[in-house]
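One structure below.
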Amino acid sequence: MRNWSILFALAAIASVAAFLYAPFSADWWLPNPPDQTHHVISAFGREIDNLFLIILFITGAVFIGTQVVLVYSSYKFVDEMDEHGKPKRAATYSHGNNRLEVIWTIIPGAILVFLAVYQVGTWASIKFRSAAPRVAPLAEITARQFQWVIRYPGPDGRLNSPDDLVVVNDFHFVKNKQTLIYLKSSDVLHSFYLPHLRIKQDAVPGLTIPVWFDSDTAGSFEIACAELCGWGHYKMRGKVTIHETETDFQRWVSDQLTEQNKSQLTMTAGAEGR
Amino acid sequence: MHEPESHEGAPGVTAPGPESDPGHDHIHPAPGWFLTRYIFASDHKVIGIQFLFSGLIFFLVGGMLAMALRWQLAWPWKPMPILSRLLWAEPSLGYQMPPEFYNKLFTMHATIMIFFVIIPLLTGGFGNFLIPLMIGARDMAFPKLNMLSYWFMPPAMVLITYSFFVEGGSAEAGWTSYPPLAFARWATPGSLNGQTLWLLSLLFAGISSILGSINYITTIVMLRAPGMKLFRMPMTVWAMFITAILQAFALPVLTSALIMQTLDRVAGTNFFSPVGLTVANAPPVVGGGGPILYQHLFWFYSHPAVYVMILPAMGMVSDIIATFSRKPLFGYKPMVCAIAGIAGLGFIVWGHHMFQSGMNPALGATFMMSTMLIALPSAIKVFNWLGTMWGGRIQFTAAMLNAVGFVSMFIIGGLSGIFMAASPVDIHIHDTYFIVGHIHYVLFGGSTFAIFAAIHYWFPKIFGRMMNERLGMIHFFLTFIFFNGTFYLMHIVGMHGHPRRIADPTVYSYLQGAGVIGMNQFMTVNAFLLGFTQLIFVFNFLYSLAAGPKASENPWHANTLEWTTSSPPAHYNFERIPVVLHAPYEYSVPGVDEDFLPQTKPFPGGQRLEPAHS
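So the protein sequences, as listed, match chains Y and X.
For the first sequence, position 141 matches number 140 in numbering that gives the first Met the number 0, and the numbering has no gaps at all.
For the second sequence, position 494 matches number 493 in numbering that gives the first Met the number 0, and the numbering has no gaps at all.
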């Protein structure tokens, strides 16, 4: 019967091993740029990952401690009979230990309160509206089944004016710059998820929710929809492009504006005229 | 703390004679007619068995749905062998699973497992069967109400099954059914008709639970045998008691949310739709409501519902671990307080499901604190289970293995919950597979292992026959391995940002790595093996039911009252209402020949009746 402790031990060892292996694989670890497994590209991402790791270490320690006790007990205290069919050893007759109860209430309680208090600052800086950067919004992102409609201010610098640039599933911003967007939904719930930036915010019809973030790395990443939004939920993917400089970004905006403002009439006429 | 309050006239030392309590010895005859005996039965044992069977049947249905959805995750759009042709025949698309069908799979898997399997099995099945037997009563306080509580379930089961066959198919807005997706009829095929049936079905299931919970509370308060003081009740009864209180207070809120959503769907009300909402080019509604309101109402019930699904499991596991460690439960009163603490805190933590929902982030900060604190009573319980095993004489029966498996897996489920409680970390892992892993470590690693343990433990009492121990051990061994193989890596893919509820993860380039695809396929293979392993259990259950060796009155040498009567118990449970002399966990008492001391047996001379806690 002692062999059962091996099963419990193996499960615990495999559980720890999976998290020990994870940092060595880009596919297992937290999502980061493909060639930089351990480089988190956003400031909030670095804070969140640190908090994640703190919890991982604390829970890992508790996990190992409790599993060691569980495996040891199921090895050491297994019932064994002598040759007369009598138990070799009597069980301890004890109803508990109040001092132990107090100890294992206060210590985990203190750790949990510490964790909660320690996290509040990061939570506030990511979500509290009072912490939003005092910058003009870069874009207004409206989620709908099953795409991200992204509206940038046009040459007049104002959102929701006739010269706005509207693109679908193609979000651009500039590196090393606090970026603020307004998030909306025009039908059901969606969730704006930037896995590499560790940003997630539900888009709720009827609400306009500010979201802000930054990135220290240029490159291409993805928007995922993280809230079930219907049959096409799985394919509600957007591209994210982070530009090296503001000039690059402005060049992209003016290119897109030119594209958007092409008259279909002249295009048709041109095609027929040839 | 040391002196339990006495609320009975004559506690402890002088056992009240039968003449002091004449009403209890009045025995009703068992109904002779087949229909009132086995179908429309008011006997709590028969009702418990009815819940047990219907729960186990739906367990198979829910499990098969899960296997189908795992297939799609591992091999997206590849036709499933045989099933594809039967279920979604569209030869022109190469028999691919339609994405809305995938959404139906996870919606119905969760709905069935939660509302038709785990809650009915734990509270309906074991609650019904065990509460009167463990407190020494002849039946529930309201037997007819009890019958009604079961018979609210079949309409729910019919509606949920029928919903697969209506136009548009079954509901597919997730088991949470957030509006507007759930009420906007053209938002997705399942919202056309299936969602209405889903709502009605859950209303029936909810009413069933409300009726049951009122009965459990009344029974435990009013019908305890003489001497069964509150702090002499087994942990199972304590857990069922507190669970019933949770259900009685939380379920009305879910009921109202479901009715509001039903009205939004069929009567044109606007509880959950904002001004001018239009979905899928349907004409705009007047609006004036809010989608987030539904989330508050839903989680006000559904977070306590998570505890409805785990507290009875904790109670039963406490009894099983004490019995097979041949040792008194470590810290009985702290265990009771921990359950009460979980239930109390359970009402003020629902907001942690809504950290990213758009509700005021300041609320998120307070919900983070309360959610962190609810980990504390769970931790206390784990420490006490380990304390019970420490220094015991552990007998690894199939029941005990499943109970220890419960503790081992619940540790993982409890610890992974701390990640979500931390709201900044939750920003990243919310709605990813990390959550899916967590919930399965609690509800499969926790509740389901506890259900297996409880079935192996109480099967002799329920059916009067023993289950096969060897098959039970093989079943546990394989289930434990494949369970971990199926669910553990969900934490890893979730940490990597794999969203839940997506039909095809390979849409995203960061999920196209060989590692992610490999993990998804590994989990699917394990899920299928896990599913097939359950056939061993089905065989053992049915074979033992028909041909298992006859069980004695007390095969496990346990202390609680149900083991003092015959197996299976007669219609009236106890020939004479037992008189309870002490707490239920007096195992290996020094000076007693046997290593157990039933609650009806006095301590040997000179010993105190309530041993002080050291």
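Every residue, glycine too, gets a C-beta built ideally from N, C-alpha and C.
> Can you list the residues of chain Y that P98(X) reaches, using a CB-CB cut of under 7 Å?
Replying inline: W230, G231 and Y233
>> Comparing C-alpha positions only, which one of Q95(X), F50(X), G54(X) and F58(X) sits nearest to L72(X)?
In response: Q95(X)
> How would you write the range of the alpha helix (DSSP H) that A513(X) sits in, first residue to last?
Replying inline: A513 to A546
> Between the beta-carbon of H195(Y) and the beta-carbon of P32(Y), is there less than 8 Å?
Replying inline: yes
> Residue range of the beta strand (DSSP E) that I208(Y) falls in?
Replying inline: For I208(Y), the enclosing beta strand (DSSP E) begins and ends at I208 to F212.
> Who are the Cβ neighbours of I417(X) in its own chain at under 6 Å, not counting the five residues just before and after it?
Replying inline: Contacts found: A374.
> Curious, which full-length alpha helix (DSSP H) runs of at least 4 residues does the segment 433–517 of chain X contain?
Replying inline: 448–462 and 468–494
>> Given this structure, state the Cα-to-Cα distance separating P153(X) from I209(X), to the nearest angstrom.
In response: 16 Å
>> Does chain X have any CB closer than 8 Å to the CB of F23(Y)?
In response: no
>> Excluding the 5 residues flanking F182(X) on each side, which residues of the same chain have their C-beta closer than 8 Å to its C-beta?
In response: S190, Q194, Q260, D263, R264, F271 and S272
> Roughly how many whole angstroms lie between the Cα atoms of P21(X) and G135(X)?
Replying inline: Interpretation of P21(X) is limited by its pLDDT of 44, a score under 50 that renders its predicted location unreliable; the figure taken from the coordinates is listed afterwards. Those two C-alpha atoms are separated by around 15 Å.
>> So, with DSSP's three-state summary, where would you put E593(X)?
In response: Here E593(X) sits in coil by DSSP.
> What's the C-alpha gap between A11(Y) and S407(X)?
Replying inline: 8 Å
> Interface residues of chain Y around P498(X) at Cβ under 8 Å?
Replying inline: Y192, A223, C224 and A225
> Alpha carbon to alpha carbon, how far is A361(X) from Q118(Y)?
Replying inline: The straight-line gap from Cα to Cα measures roughly 13 Å.
> Is there a Cβ from chain X that is less than 8 Å from the Cβ of H94(Y)?
Replying inline: yes
>> So, for K261(Y): in the same chain, excluding its five sequence neighbours on each side, which residues have a beta-carbon less than 8 Å away from its beta-carbon?
In response: none
>> Within 8 Å of any Cβ in chain C, is that where the Cβ of S587(X) sits?
In response: Judged by its chain identifiers, the structure shown contains no chain C, and its protein chains are Y and X.
>> Please report whether the beta-carbon of G289(X) lies at a distance below 8 Å from any beta-carbon of chain Y.
In response: yes
> Can you give, in chain order, each stretch of the alpha helix (DSSP H) that sits fully within the segment 18–81 of chain X and has at least 4 residues?
Replying inline: Here the runs fully enclosed are 43–73.
>> If you reduce the DSSP assignment to three classes, tell me which class G93(X) lands in.
In response: coil
>> Can you tell me where the alpha helix (DSSP H) holding G404(X) begins and where it ends?
In response: A397 to A420
> Would you say the segment 214–234 of chain Y touches the segment 141–153 of chain Y, given that touching needs at least three Cβ pairs under 8 Å?
Replying inline: yes
> Which residues, in chain order, does the segment 413–446 of chain X contribute to contact with chain Y at a C-beta distance below 7 Å?
Replying inline: L414, I417, F418, A421, S422, P423, V424, I426, H427, H429 and D430
> By how many angstroms is the C-alpha of L245(X) removed from the C-alpha of A304(X)?
Replying inline: 8 Å
>> Can you pull the chain Y neighbours of I379(X), defined as C-beta to C-beta under 9 Å?
In response: Those within 9 Å of I379(X) in chain Y are E100, W103, T104 and P107.
> How would you call Q259(Y), buried or exposed, if buried means at least 16 neighbouring beta carbons within 10 angstroms?
Replying inline: A residue is called buried once 16 or more other Cβ atoms fall within 10 Å of its Cβ, and Q259(Y), having fewer, is exposed.
> Which chain Y residues sit within Cβ distance under 7 Å of M368(X)?
Replying inline: A115
> Is T187(X) helix, strand or coil by DSSP?
Replying inline: DSSP places T187(X) in coil when its eight states are reduced to three.
>> Strictly under 8 Å for the Cβ-Cβ distance: is M139(X) near chain Y by that measure?
In response: no
> R143(Y) by DSSP, collapsed to three states: which one?
Replying inline: R143(Y): strand per DSSP, three-state reduction.
> So G343(X) and Y306(X) are in contact, right, with Cβ under 8 Å, and what is the actual spacing, rounded?
Replying inline: The Cβ separation is near 10 Å, so there is no contact.
>> Need the endpoints of the beta strand (DSSP E) that T240(Y) sits in, please.
In response: G237 to H242
> For L114(Y), which residues from the same chain have a beta carbon less than 8 Å from its beta carbon, with the 5 sequence-adjacent residues on both sides left out?
Replying inline: I53, I54 and I57
> If you compare alpha carbons, which of W562(X), F141(X) and W197(X) is closest to Y161(X)?
Replying inline: W197(X)
> Per DSSP, Q200(Y) forms a beta bridge with which residues?
Replying inline: F191(Y)
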